[in-house]
Amino acid sequence: MNLLLPTGFPIPTPGFGTYKTPDGEVCVNAVREAIAVGYTHIDTAALYANECSVGEGVRQSGRPRGELFITSKVWNTERGYDKTLRACEKSLKDLGMDYLDLYLIHWPANAKQFGDRADAINVDTWRAMERLVEERVVRTIGLSNFYTSHMAPVLASANIAPAVDQIEYHPGLLQEDTIAACRENGILVEAWSPLGRGRLLDDPVIAGIAQKHGKSAAQVILRWVIQNDVLPLVKSVHTERIRENFDLFSFSLDSDEMAAIASLPEARFGSHPDTVEF
Ligand SMILES: NC(=O)c1ccc[n+]([C@@H]2O[C@H](COP(=O)([O-])OP(=O)(O)OC[C@H]3O[C@@H](n4cnc5c(N)ncnc54)[C@H](OP(=O)(O)O)[C@@H]3O)[C@@H](O)[C@H]2O)c1
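Heads up: the sequence shown begins at 917 in our numbering, then just goes up one per residue.
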């Protein structure tokens, strides 16, 4: 299934994640299998150090590049105008591709690390992102891990508005403020770690709902994300799980089930953008 980006380009949901997918055969096989199962949206990043294998998996799938949606991200050491341009060039070279469908700023520079220079750094990085669109090497640009305060200076100075914000989102981390800001600005929200890196799968509330539908806990969580109009990116290196995580449109959750999942206790499995030190 496709959602629509504010640019008018379609973006397939769910997307296939590759964080911590080991470079080499494991990654090549996972990406090829994912495409064989039906995913057409692959999420990688320079940080994951597996872009060469993602590119190889795509080529081995035999699927034409134009039918796929590929995302990468500029890493934190490469912020700023010139370095961001070079980082994108390197990602494209490693992927063996001549364009990206989506390029994201992986994390905002924050005040904890950069003091009152943080906003200017993010704005400078964004200028490079816009240049990449003008050069037609990137179709759509966006943010990742930007909460409302990080987003505001970029929005105020942008010639091309961010189309996406990719944030940690799952039961226990509802991100209401950031999602409200994204919706006000027409920004599509993507969920990273929708399964809480696998740690939400044993929750008894989710298990009960899964049993009722004859679905797995992973399918119930991913369906909950989709019904909240958020695009899940889900990672696995196991073919059966890759297949299972793609089968999300043959059932739906009712409003009581949606509310029960939304009221799970608070949980965060990754870093907070204001306190992150990398
Ligand atoms: N922008 C960012 O800062 C950021 C941060 C983190 C992640 N991401 C993106 O978001 C993607 C997803 O996040 P994530 O990888 O952290 O976590 P996730 O997708 O929530 O969870 C992945 C974990 O769950 C396991 N798993 C997957 N499907 C399963 C199933 N059906 N049954 C049981 N276990 C299952 C996987 O194990 P196996 O692989 O062994 O099957 C893996 O350990 C990433 O891969 C990456 O592309 C972005």
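Just so it is clear, CB atoms sit at the ideal spot from N, CA and C, and this is done for glycine as well.
Should residue i and residue j be called a contact, given that it needs their Cβ atoms to be closer than 8 Å?
i       : j       : result
Thr1064 : Thr1094 : yes
Tyr935  : Lys1151 : yes
Trp991  : Ala1034 : no
Ile1158 : Thr929  : no
Leu1011 : Gly971  : yes
Ser1060 : Gln1091 : no
In angstroms with no decimal places, state the Cα-to-Cα distance between residue i and residue j.
i       : j       : result
Asn1161 : Pro980  : 23 Å
Arg1055 : Ile1103 : 15 Å
Val1105 : Ile1076 : 17 Å
Trp1023 : His1188 : 10 Å
Val1121 : Val1136 : 11 Å
Val1049 : Ile1057 : 7 Å
Thr1000 : Ser1109 : 25 Å
Asp1145 : Gly924  : 17 Å
Ser1166 : Lys1131 : 10 Å
Between which two residues does the alpha helix (DSSP H) containing residue i stretch?
i       : result
Pro1069 : Thr1064 to Ser1073
Val944  : Glu941 to Val953
Tyr964  : Looking at the DSSP string, Tyr964 is not in any alpha helix (DSSP H), and its letter there is neither H nor E.
Asp1190 : Looking at the DSSP string, Asp1190 is not in any alpha helix (DSSP H), and its letter there is neither H nor E.
Ile1076 : Counting along the chain, Ile1076 falls outside any alpha helix (DSSP H), and DSSP gives it neither H nor E.
Asp1017 : Element bounds for Asp1017: not the alpha helix (DSSP H) but the beta strand (DSSP E), Leu1016 to Ile1021.
On the criterion of 16 or more Cβ atoms from any shown chain inside 10 Å, does residue i qualify as buried, or is it exposed?
i       : result
Arg1139 : buried
Leu1111 : buried
Arg995  : buried
Leu920  : exposed
Phe1062 : buried
Gln1127 : exposed
Ala1175 : exposed
What are the start and end residues of the beta strand (DSSP E) that includes residue i?
i       : result
Lys989  : Phe985 to Val990
Thr1056 : Val1054 to Ser1060
Whole beta strand (DSSP E) elements within the stretch 1080 to 1122, 3-residue minimum: 1080 to 1084 and 1104 to 1108
Whole runs of the beta strand (DSSP E) within the stretch 1142 to 1177, excluding any shorter than 3 residues: Within the stretch 1142 to 1177, the complete beta strand (DSSP E) segments of 3 residues or longer fall at 1147 to 1151, listed in chain order.
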